[in-house]
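Below you'll find the structure, written out as structure tokens, and then a few comments.
Residue numbers (the numbering used here), protein chains in the order written: chain A, 1 to 478; chain B, 479 to 889.
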């Protein structure tokens, strides 16, 4: 009974090649079934080495203490918080794609949602490590939860750091649920295709006895929509609360009212950059994916990056202008210190990476050049890291009193922990590619059916997204 | 070509009638305001301040129309098609609002802008530091050259943008067939996206000039964001209201106001309700937590002297009520309910803008006669021109393949 306005996707094909239901299933399901390509082993190896480095860094941190990091007064936050914010931000693309793009009926999300959701989960894992260990006593981290206890210790609810605990843990829980629930029909597909008994049993257990009956699908769709509704506020709230870690204070450069939406946009910006960083090589590694993650998908992701990149850049311009307009000596000094202070390089790197380079995405040819896009996505990832460096370090190292000024330099352990999380992230992404269907098979088949297959003449399924023949129009970007 | 003009006669007559009424109301309102500026009805200060409120409100609505048109052209959202001609016409009426502000620029800057008071600035290092933003290249005792230059610049930029969209849409209306129309429509997305960037940058400066500088010690980086969301919300509510009012008359009958469109409009109003609340609450929370007078003075003024009652109204009717109203699927199914929602938004947006602007001038809750005369004066003339522009062209985009599919698709 709900007619939908026809999504615009027919103008831009979502699939390449001649598709059938069997082909969609086969192309995606055979990736985890077949032996892995040699490049997989190399990348997994790199990730595993990184993970070992991560473990080493953490063990040494626990043995010696926080002194092995470069943090000290006045810059007590350093790498730990920079990396925390960076990783949390990266996770946002997954949530945006799974929740908001679903509610916006953007059919192109179906090709990348599984992938981006996996990315979200691993990114949040990496993010969570940093504040956990930054507390110095991770073994009593449960004190952050309001558990009744005989010490009558209670968390400080007025602190945004405490809000973070709830925001991030909710975020992680919902992301995992969303990802896993979406996987259930596909795990059942894997079960049905499995040749070995062990694989059948494992997939059988994980797919909860899914038989694909109409009742199953009804429940599934309802739960999916509910989870999408739950996740939507999370896209805004998680990074808004992270931004409040800074904005609640009165430190110049932190006490900025635009921080919440500016952080959220930055998170989506960096998240989409990371999706591109991963999708482009994965398409090379697994050529079958190219039929589903088409150049149109890449183009849309690049456009989302351009749009969110401008919101971020608007934030920088706004900070510059209002720094001057405030006529407040500390705010004005902050702008000057960013431009010409000891960390000027970080600031200008940020402007270059996030402000200048993304402008290339205005050009359709560049949005269709995979190599350039890959390079741009890496540059944006670096730029977004510098953004957090600028926010954390530049604001802290010289605030109000010159007597309290200081310098910050990361140690080798800061770097090894950071690079270690990147290794862990790579390892997890490749494990994911190895064991789980990387794209949502059921959803792709569904969207393929609706858009290209399901209509007879003009009336087809009046019930759902009634498809229509491709318009006669031509021209424009495609 | 798909909507013969004869069918539209009734709507066009209504528009023409609305125009005549708007012109009369507008002239009466403006005449009263202008008379007030010369002290005929008491303190001219109140007349200028009320006039500024009227200016700000209708400028924001015009800019909301411009912003929504840009968004519609850039994203090519289906749901914007029935509304887009209304927004384009509204955007094209911005220069009228700008022109009507000349009396303040010529006669009453001192009554509106604190930074025009040389004696205050002389004692105040902060205002002195900010004065180049308004007076450059003169000093604060001179003419606010830079401010006036910007004023002309804004008017020019907004006019050029609105005119560009207007021309491009007209080209599509006059295209030879829907295929050419589709090509033209796609060609607009690039320039429209670029213009969104320019629009937001210019808008931010304008909001410093016409909003934040009224309390010159105060500033907020979020202000322009709150305002742009609010302006867009106002424009959306107005367009939805107009289209739904005319839902029984061609060309707005049938598929043009059918359920999928209404669902999208309702959902977008829901989104804007939430987003507006999100940015407004963020500004409040950050300001409250910092607790520095430089920032809190904005809220201290608005949370005292009776203004707090408007704030309560805004919290209830700008967040809680529309949140549940637009969330409910029923609102989008039942036309009068969506219409009521649009009216609610128009009303509470008006209260909100009043609460934003008037406390800059008054410590206690008050509405002067001139707040009303300027509001209806600016509004009358804005509507007069906007409806005139609307009547000049087809009421719906012509040669629009997507609209034709909707109109001639399954019944």
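Virtual Cβ for every residue (Gly too), placed ideally from N, Cα, C. These numbers were taken from a predicted model, which means no experiment stands behind them.
Among the options, the one whose alpha carbon lies nearest that of residue i
{"i": "residue 385 of chain A", "options": "A:372, A:426, A:444 and A:85", "result": "A:85"}
{"i": "residue 437 of chain B", "options": "B:538, B:628, B:816 and B:734", "result": "Nothing in the structure corresponds to residue 437 of chain B, since chain B is present only between 479 and 889."}
{"i": "residue 246 of chain A", "options": "A:422, A:390, A:98 and A:61", "result": "A:390"}
{"i": "residue 690 of chain B", "options": "B:681, B:863 and B:701", "result": "B:701"}
{"i": "residue 822 of chain B", "options": "B:676, B:692, B:747 and B:595", "result": "B:747"}
{"i": "residue 879 of chain B", "options": "B:509, B:654, B:496 and B:547", "result": "B:654"}
{"i": "residue 297 of chain A", "options": "A:23, A:37 and A:107", "result": "A:107"}
{"i": "residue 864 of chain B", "options": "B:544, B:682 and B:524", "result": "B:544"}
{"i": "residue 28 of chain A", "options": "A:449, A:290 and A:208", "result": "A:290"}
{"i": "residue 317 of chain A", "options": "A:293, A:282, A:350 and A:445", "result": "A:350"}
{"i": "residue 274 of chain A", "options": "A:227, A:229 and A:377", "result": "A:377"}
{"i": "residue 119 of chain A", "options": "A:104, A:87 and A:184", "result": "A:87"}
{"i": "residue 397 of chain A", "options": "A:344, A:197, A:183 and A:284", "result": "A:344"}
{"i": "residue 826 of chain B", "options": "B:597, B:610, B:560 and B:709", "result": "B:709"}
{"i": "residue 209 of chain A", "options": "A:184, A:299, A:105 and A:227", "result": "A:184"}
Residues that residue i contacts on chain A, provided the C-beta gap is smaller than 7 Å
{"i": "residue 768 of chain B", "result": "250 and 255"}
{"i": "residue 892 of chain B", "result": "Absent from the structure is residue 892 of chain B, since the part of chain B shown begins at 479 and ends at 889."}
{"i": "residue 675 of chain B", "result": "310"}
{"i": "residue 678 of chain B", "result": "314"}
Interface residues of chain B facing residue i [CB-CB closer than 9 Å]
{"i": "residue 408 of chain A", "result": "Going along chain B, no residue has its Cβ under 9 Å from residue 408 of chain A, so there is no contact; the nearest lies around 24 Å."}
{"i": "residue 240 of chain A", "result": "756 and 760"}
Contacts of residue i in chain B (Cβ-Cβ under 7 Å)
{"i": "residue 236 of chain A", "result": "756"}
{"i": "residue 247 of chain A", "result": "764"}
Chain A residues whose Cβ lies nearer than 8 Å to that of residue i
{"i": "residue 761 of chain B", "result": "257"}
{"i": "residue 765 of chain B", "result": "257"}
{"i": "residue 607 of chain B", "result": "327"}
Where the alpha helix (DSSP H) containing residue i begins and where it ends
{"i": "residue 588 of chain B", "result": "587-590"}
{"i": "residue 92 of chain A", "result": "78-95"}
{"i": "residue 223 of chain A", "result": "214-247"}
{"i": "residue 127 of chain A", "result": "113-134"}
{"i": "residue 291 of chain A", "result": "Per DSSP, residue 291 of chain A belongs to no alpha helix (DSSP H) and is neither H nor E."}
{"i": "residue 465 of chain B", "result": "Residue 465 of chain B lies beyond the residue range present for chain B, which begins at 479 and ends at 889; the question has no answer from this structure."}
{"i": "residue 178 of chain A", "result": "160-193"}
{"i": "residue 869 of chain B", "result": "847-870"}
{"i": "residue 381 of chain A", "result": "370-389"}
{"i": "residue 282 of chain A", "result": "259-285"}
Residue i: contacting residues in chain A (beta-carbon distance under 9 Å)
{"i": "residue 686 of chain B", "result": "321, 322 and 325"}
{"i": "residue 751 of chain B", "result": "Going along chain A, no residue has its Cβ under 9 Å from residue 751 of chain B, so there is no contact; the nearest lies around 13 Å."}
{"i": "residue 682 of chain B", "result": "314, 317, 318 and 321"}
Exercise. Which residues, in chain order, does the stretch 693-708 of chain B contribute to contact with chain A at a C-beta distance below 7 Å?
Worked result: Answer in chain order: 697, 698, 699, 700 and 703.
Exercise. Going along the chain, which residues of the stretch 771-804 of chain B sit with their C-beta nearer than 9 Å to a C-beta in chain A?
Worked result: Answer set for the stretch 771-804 of chain B: 772 and 773.
For this session: Scan the stretch 324-340 of chain A for residues whose Cβ lies nearer than 8 Å to a Cβ of chain B and list them as they occur along the chain.
Result: Within the stretch 324-340 of chain A, the residues whose Cβ lies closer than 8 Å to some Cβ of chain B are 325, 326, 327 and 328, listed in chain order.
For this session: Could you tell me whether the stretch 857-868 of chain B touches the stretch 500-510 of chain B, using the rule of 3 or more Cβ pairs below 8 Å?
Result: Yes: at least three Cβ pairs fall under 8 Å.
Exercise. Within the chosen definition, does the stretch 637-653 of chain B reach the stretch 594-608 of chain B through at least 3 CB pairs nearer than 8 Å?
Worked result: Contact fails: fewer than three Cβ-Cβ distances are below 8 Å.
Exercise. The stretch 581-612 of chain B: which residues have C-beta closer than 7 Å to a C-beta of chain A, in chain order?
Worked result: Contact residues of the stretch 581-612 of chain B toward chain A are 604, 607, 608 and 611 (C-beta to C-beta distance below 7 Å).
Exercise. The stretch 89-100 of chain A: which residues have C-beta closer than 9 Å to a C-beta of chain B, in chain order?
Worked result: Residues are counted here when their Cβ sits less than 9 Å from a Cβ of chain B; for the stretch 89-100 of chain A the count is zero.
Problem set entry | the stretch 628-646 of chain B contacting the stretch 665-673 of chain B, beta-carbon criterion three pairs below 8 Å | Flag = yes, the stretch 628-646 of chain B and the stretch 665-673 of chain B touch.
Exercise. Can you list, in chain order, the residues of the stretch 728-740 of chain B whose Cβ is nearer than 8 Å to any Cβ on chain A?
Worked result: If the cut-off is 8 Å between Cβ atoms, the stretch 728-740 of chain B has 736, 737, 738 and 739 near chain A.
Exercise. Within the chosen definition, does the stretch 865-878 of chain B reach the stretch 735-751 of chain B through at least 3 CB pairs nearer than 8 Å?
Worked result: Not touching, per the Cβ criterion.
Exercise. Which residues, in order along the stretch 160-179 of chain A, keep a beta-carbon less than 9 Å from a beta-carbon of chain B?
Worked result: Residues of the stretch 160-179 of chain A that bring their beta carbon within less than 9 Å of a beta carbon in chain B comprise 160, in sequence order.
Exercise. Are the stretch 425-440 of chain A and the stretch 108-123 of chain A in contact at 8 Å, needing three or more beta carbon pairs?
Worked result: Contact holds: three or more Cβ-Cβ distances are below 8 Å.
Exercise. On the three-pair Cβ rule with 8 Å, is the stretch 133-145 of chain A touching the stretch 293-313 of chain A?
Worked result: Using a C-beta cut-off of 8 Å, the stretch 133-145 of chain A makes no contact with the stretch 293-313 of chain A, since fewer than three inter-stretch Cβ pairs fall below that distance.
Problem set entry | the stretch 756-764 of chain B touching the stretch 579-590 of chain B, judged by at least three CB pairs closer than 8 Å | With the cut-off at 8 Å, the stretch 756-764 of chain B and the stretch 579-590 of chain B do not touch.
For this session: Identify each residue in the stretch 24-51 of chain A for which the Cβ-Cβ distance to at least one residue of chain B is less than 7 Å, and report them in chain order.
Result: Cβ contacts with chain B: none found.
Problem set entry | At least 3 beta-carbon pairs within less than 8 Å: the stretch 254-274 of chain A vs the stretch 76-95 of chain A | The stretch 254-274 of chain A, when compared against the stretch 76-95 of chain A, does touch it at the 8 Å Cβ threshold.
Exercise. Quick one: any contact between the stretch 607-626 of chain B and the stretch 830-844 of chain B, if contact means 3 or more CB pairs under 8 Å?
Worked result: By the criterion of at least three beta-carbon pairs nearer than 8 Å, the stretch 607-626 of chain B is not in contact with the stretch 830-844 of chain B.
For this session: Could you say if the stretch 675-690 of chain B and the stretch 618-638 of chain B meet the contact criterion of at least three C-beta pairs nearer than 8 Å?
Result: The count of Cβ pairs closer than 8 Å, one atom from the stretch 675-690 of chain B and one from the stretch 618-638 of chain B, reaches three, so the stretches are in contact.
Exercise. Any residues in the stretch 256-288 of chain A with a beta carbon nearer than 9 Å to a beta carbon of chain B? Which ones, in chain order?
Worked result: Going along the stretch 256-288 of chain A in chain order, one finds 256, 257, 258, 259, 260, 261 and 262 with a Cβ nearer than 9 Å to chain B.
Exercise. Three or more beta-carbon pairs under 8 Å between the stretch 412-423 of chain A and the stretch 25-44 of chain A, yes or no?
Worked result: No, they do not touch.
Exercise. Touching or not, the stretch 696-714 of chain B and the stretch 802-818 of chain B, by the rule of three or more beta carbon pairs under 8 Å?
Worked result: Segments in contact, no.
Exercise. If contact means a Cβ-Cβ distance below 9 Å, which residues of the stretch 392-416 of chain A contact chain B?
Worked result: Per Cβ criterion, the list is empty.
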